[in-house]
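Residue numbers (full-length UniProt numbering): 1 to 164.
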């Protein structure tokens with residue numbers, strides 16, 4: 001297995017595992033929280049807020065997971081403009097553009113996170129530094145940019161688009 005393919009496989013496996021784990025934590029946390037309230041034992045402190053933060057993590061990881069499986073959103077209304085012969089070149093150019101866009105978002109996300117560190121922002125209710133949660137933003141954008149860069153360098157690794 002080539003290096004690029006291995007990187008893509010590892011990224012997908014790790015991000016999918018984190019996402020599934022977060023879903024399991026959310027389901028368990030909210031299930032126990034509701035059960036405790038129903039039986040008069042109060043509730044789990046911060047359960048709803050923690051669940052929201054975990055959903056944010058899952059959503060951002062979904063960017064890279066969708067790109068890995070060709071399930072990203074793409075407008076198709078101009079596809080007829082590019083002849084089949086040039087489609088491969090257009091896909092490569094598109095991958096480079098997407099890498100640049102997501103790379104730019106990663107830089108902006110990192111700046112946003114660094115400001116939270118600088119100002120000492122805290123996550124509401126659970127009182128942890130907000131950047132612990134915000135780190136997912138630059139990571140997810142960088143991870144997606146890396147995928148598109150690999151697709152540009154090795155178009156054979158680019159997944160078939162899932163048209164539904």
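The beta carbon of each residue, even a glycine, is placed where N, CA and C say it ideally should be.
Using the Cα positions of residue i and residue j, report the straight-line distance between them to the nearest angstrom.
i, j, result
"residue 2", "residue 11", "14 Å"
"residue 46", "residue 120", "20 Å"
"residue 24", "residue 133", "18 Å"
"residue 92", "residue 151", "7 Å"
"residue 98", "residue 106", "12 Å"
With residue i as the anchor, note down where its alpha helix (DSSP H) starts and where it stops.
i, result
"residue 15", "3 to 38"
"residue 138", "136 to 153"
"residue 125", "Here residue 125 belongs to no alpha helix (DSSP H), and DSSP marks it neither H nor E."
"residue 51", "47 to 68"
Of the choices the options, whose alpha-carbon is the least far from that of residue i?
i, options, result
"residue 9", "96, 65 and 44", "65"
"residue 116", "107, 56, 135 and 101", "135"
"residue 44", "58, 28 and 59", "28"
"residue 114", "148, 131 and 21", "131"
"residue 123", "48, 40, 17 and 33", "48"
"residue 68", "32, 16 and 33", "16"
"residue 22", "39, 35 and 54", "54"
"residue 148", "129, 96, 161 and 137", "96"
Determine the DSSP secondary structure at residue i, reduced to helix, strand or coil.
i, result
"residue 130", "coil"
"residue 94", "helix"
"residue 166", "Here the chain covers residues 1 to 164 and nothing more, so residue 166 does not appear."
"residue 41", "coil"
"residue 160", "coil"
What is the C-beta distance between residue i and residue j, in whole angstroms, given that I count them as a contact (C-beta under 8 Å)?
i, j, result
"residue 141", "residue 94", "About 17 Å; that fails the 8 Å criterion."
"residue 5", "residue 157", "6 Å"
"residue 19", "residue 61", "5 Å"
"residue 126", "residue 26", "The pair is not a contact, with the Cβ atoms about 14 Å apart (cut-off 8 Å)."
Any C-beta of chain D sitting closer than 7 Å to the C-beta of residue i?
i, result
"residue 67", "In the displayed structure, chain D is absent; only one protein chain is listed."
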